[in-house]
Every structure is written in C-alpha cells, then in structure tokens.
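Participant:
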Amino acid sequence: MIHRPTRLSLILPLMLALAACTTVADPPARNGVSKKTAIDIKARNEQFQRGVTAANQGDFDTARQAWLPLANAGYSDAQYNLGMMYRLGKGVEVDNRIAAQWYERSAQQGHTVAQFQLGVMYQEGQGVSRNDKTAVMWYRKCAEPGDPGCQFNLAWMTYRGIGTGKDYVSAANWFVRAAGQGVARAAGYLGVMYALGQGTPVDNTLSYMWWTIATELGEKKGIGILASMEETMPPVKLEFARQLAREWLEKNTP
C-alpha cells in the first residue's frame with residue numbers, strides 16, 4: 026500500500042502552481058544580498074513564473090524552455106517540475122528514468138514532494154531498480170519535516186517490516202503524526218494497533234476512538250468496524266471514546 030496524498034492526483038498545471046509558491050532564491054550573503062544578486066533573483070523568479078503560466082495554459086514546450094536553465098543551475102522547484110513533466114508525459118514522452126533523475130536532483134536539496142515521489146519510484150521500481158531500503162530512506166527524509174504522505178508510507182513500511190526492521194512502536198508514532206495531518210488510513214491503522222496491542226497496550230476504548238477519527242476523516246470501512254465494536258462495548262466506554270475522538274478532532278482539524 027502506497028499512500029498518495031490528494032495533491033499527487035492533481036493535474037500537472039495545479040501541481041506546478043504549488044511549486045511556484047516556493048521562491049527561487051540564492052542563499053543570503055554573509056554581509057547581506059547585493060543589489061545585483063537581488064536583481065538576478067527577481068529575474069530568475071520571473072522566469073520560473075513564466076514557466077508556470079505557460080504550463081497552466083497547456084504550453085509545456087514554453088514551460089520546459091523556461092525551467093530547464095533554472096533546473097540545470099540547481100533550482101529544486103524547476104527540477105521537480107521537469108520530473109513531473111517526464112513522469113506524466115506533459116510536453117515530452119513519458120520517461121520514468123529521466124523523471125527519477127530530476128526528482129533526485131531536487132530531492133537532494135530537500136524538496137519534500139520530490140523526496141516523496143522518489144520514494145514511490147523506488148518502492149514501485151519505476152525508472153529505477155526497486156529498492157525498499159532506498160524508498161524508506163527518502164520517506165524518512167520527507168517525513169521528518171512533516172510531509173503526511175511520507176509519514177504514512179514510512180509508518181506502513183515500518184509496520185510491515187519492508188525495507189526496514191519491523192517496529193510497531195515507531196510505526197504507531199508515525200501513524201499518529203500522519204493522522205494529525207488528516208490521513209484517514211493512518212488513524213485506521215492506529216485503531217487496529219490498539220485493538221491488537223501492536224506497539225501499544227490493548228485498549229478497545231482507544232481503538233474505538235481512532236476508528237471514529239478515521240471515519241470522520243473519510244475512512245469508509247470504519248463505519249462497519251465501529252458498528253461491530255458497539256455491539257460488545259459498554260455504553261460508558263463508548264461515550265468516553267467518542268468524547269476523546271471529539272476532543273482530538275477539535276484540536277487537529279480546521
């Protein structure tokens with residue numbers, strides 16, 4: 026199971042617009058940024074935005090011409106966008122090998138979405154040789170800063186012992202972090218783990234709480250699981266679990 030956050034299913038132009046939110050900028054000089062450097066940064070940002078505008082209009086050739094020099098100069102957003110173009114075949118032939126190369130150049134600079142995509146490609150063997158350990162490495166890099174898809178995939182692989190040692194406690198911690206960012210399946214896994222005592226105490230109250238949260242976040246199979254649990258749990262425990270779920274949702278959802 027590979028988690029793909031909603032953003033990854035968006036059409037390319039919208040994804041490119043997301044990348045445009047990150048400003049292309051040089052590291053600040055020790056004694057400040059010179060006027061020339063500031064002008065250069067502005068010009069590069071404008072060039073990047075021209076590519077975004079072209080892509081949103083379906084003109085991927087122009088977008089590629091705008092981004093390629095920036096990508097070769099080391100700008101991670103441009104590198105990521107080129108990776109997406111080759112992954113999805115926008116303005117170029119689909120080529121997962123080239124996509125992975127651009128993703129890796131971007132990922133090496135800390136671009137978390139590129140790190141996620143690269144993790145998926147290593148996990149599925151697309152454009153690279155399948156390597157679960159390398160997938161885990163990339164998921165861990167983007168999970169730490171807070172990417173929910175990376176947190177879920179790292180949790181799942183740690184839960185299953187794929188590409189890393191099986192560790193229920195660590196998996197539970199990552200599921201909690203992913204659930205806190207709205208990943209419904211992460212909450213569902215916590216419901217399972219509390220029911221079975223996997224890295225947690227066996228606690229049906231907390232299991233019910235997490236399944237309630239999962240259901241509220243959109244995990245449809247939670248409805249039947251909750252109904253089954255309600256047949257055996259005392260009303261007092263059910264109400265307490267529901268209260269815990271309400272408090273968690275109030276704290277962790279908009």
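The opening position of the sequence shown corresponds to residue 26 in my numbering, with each subsequent residue numbered one higher. Glycine included, C-beta positions come from ideal geometry on N, C-alpha and C. A quick note: this is a predicted structure, and the numbers were derived from the prediction, not measured.
What runs of the beta strand (DSSP E), each 3 residues or longer, lie entirely inside the segment 68–146?
Facilitator: none
Participant: Once the 5 residues before and after G99 are set aside, which same chain residues still bring their CB inside 6 Å of it?
Facilitator: Against the sequence shown, residue 99 aligns to sequence position 74. Taken in chain order, the list of residues that qualify is empty.
Participant: Go through its chain and collect everything with a Cβ distance to L221's Cβ below 6 Å, but skip five positions before and after it.
Facilitator: Taking the first residue of the sequence shown as position 1, residue 221 is located at position 196. Around L221: no qualifying Cβ.
Participant: I'd like the list of long-range same chain contacts for K158, defined as Cβ closer than 8 Å, with 5 residues on each side in sequence excluded.
Facilitator: In the sequence shown, residue 158 corresponds to position 133, counting from 1. Closer than 8 Å at Cβ, skipping near neighbours: G188 and T189.
Participant: Please state if the CB of A168 and the CB of T183 are separated by a distance shorter than 8 Å.
Facilitator: Taking the first residue of the sequence shown as position 1, residue 183 is located at position 158. Taking the first residue of the sequence shown as position 1, residue 168 is located at position 143. Not in contact: T183 and A168 (Cβ atoms no closer than 8 Å).
Participant: Do A139 and Y105 count as a contact pair if the criterion is CB distance below 8 Å?
Facilitator: Taking the sequence shown and counting its residues from 1, the one referred to as residue 105 is at position 80. Taking the sequence shown and counting its residues from 1, the one referred to as residue 139 is at position 114. Yes. Within cutoff.
Participant: How about G108 and Q142: are their beta carbons less than 8 Å apart?
Facilitator: Taking the sequence shown and counting its residues from 1, one reaches residue 108 at position 83. Taking the sequence shown and counting its residues from 1, one reaches residue 142 at position 117. Their beta carbons are under 8 Å apart, which means G108 touches Q142 by this criterion.
Participant: Given this structure, state the Cα-to-Cα distance separating Q74 from I250, to the nearest angstrom.
Facilitator: Counting from one through the sequence shown, the residue named residue 74 turns up at place 49. Counting from one through the sequence shown, the residue named residue 250 turns up at place 225. One C-alpha to the other measures close to 48 Å.
Participant: Smallest Cα separation from E241: which of E255, V208, P226 and M258?
Facilitator: Position 216 of the sequence shown holds residue 241. Ranking E255, V208, P226 and M258 by Cα distance to E241 puts V208 first.
Participant: Under the rule that 16 or more other beta-carbon atoms within 10 Å means buried, what is Q82, buried or exposed?
Facilitator: The residue given as residue 82 occupies position 57 in the sequence shown. So Q82 ends up on the exposed side.
Participant: Taking just the CA atoms, how far does A204 sit from R69?
Facilitator: Within the sequence shown, numbered from 1, the residue matching residue 69 stands at position 44. Within the sequence shown, numbered from 1, the residue matching residue 204 stands at position 179. Cα-Cα distance, rounded: 37 Å.
Participant: Should Y233 be flagged as near chain D, meaning a C-beta pair shorter than 8 Å?
Facilitator: No chain D is part of this structure, which consists of one protein chain only.
Participant: Between which two residues does the alpha helix (DSSP H) holding I238 run?
Facilitator: Position 213 of the sequence shown, counted from the start, is the residue given in the question as residue 238. Unbroken alpha helix (DSSP H) run through I238: N229 to L242.
Participant: Who are the Cβ neighbours of Y128 in its own chain at under 6 Å, not counting the five residues just before and after it?
Facilitator: Reading the sequence shown from its first residue, position 103 is the one you call residue 128. G108, A139, Q142 and L143, listed in sequence order.
Participant: Check whether the Cβ atoms of N121 and Q151 sit closer than 8 Å, and answer yes or no.
Facilitator: On the sequence shown, position 96 is the one that residue 121 refers to. On the sequence shown, position 126 is the one that residue 151 refers to. The answer is yes: Cβ separation under 8 Å.
Participant: Between which two residues does the alpha helix (DSSP H) harbouring R267 extend?
Facilitator: Position 242 of the sequence shown, counted from the first residue, corresponds to residue 267. Its alpha helix (DSSP H) spans residues P260 to N277.
Participant: Do you know how far the Cα of W92 is from the Cα of D51?
Facilitator: Residue mapping note: residue 51 aligns to position 26 of the sequence shown, counting from 1. Residue mapping note: residue 92 aligns to position 67 of the sequence shown, counting from 1. Note that D51 scores a pLDDT of 35, beneath 50, so its modelled location is shaky; the value from the coordinates is reported in the next line. D51 and W92 have their C-alpha atoms some 16 Å from each other.
Participant: Cα separation between D228 and M234?
Facilitator: The residue you call residue 228 lines up with position 203 of the sequence shown. The residue you call residue 234 lines up with position 209 of the sequence shown. If you take the alpha carbons of D228 and M234, they lie about 10 Å apart.
Participant: Can you list, in chain order, the stretches of the beta strand (DSSP E) that have 3 or more residues and sit fully within the segment 143–188?
Facilitator: The DSSP assignment places no complete run of the beta strand (DSSP E) inside the segment 143–188 (cut-off: 3 residues).
Participant: Compute the beta-carbon to beta-carbon distance between R202 and Q223, rounded to the nearest angstrom, for a pair I have assumed lies under 8 Å.
Facilitator: Here residue 202 corresponds to residue number 177 of the sequence shown, with the count starting at 1. Here residue 223 corresponds to residue number 198 of the sequence shown, with the count starting at 1. So it is not a contact: roughly 17 Å between Cβ atoms.
Participant: Just the Cα atoms here: how many angstroms apart are L274 and L95?
Facilitator: The residue you call residue 274 lines up with position 249 of the sequence shown. The residue you call residue 95 lines up with position 70 of the sequence shown. Distance between the alpha carbons of L274 and L95 is about 42 Å.
Participant: Beta carbon of L179, beta carbon of Y193: below 8 Å?
Facilitator: Sequence index remark: in the sequence shown, residue 179 carries index 154 (1-based). Sequence index remark: in the sequence shown, residue 193 carries index 168 (1-based). In this structure, Y193 does not lie closer than 8 Å to L179 by Cβ.
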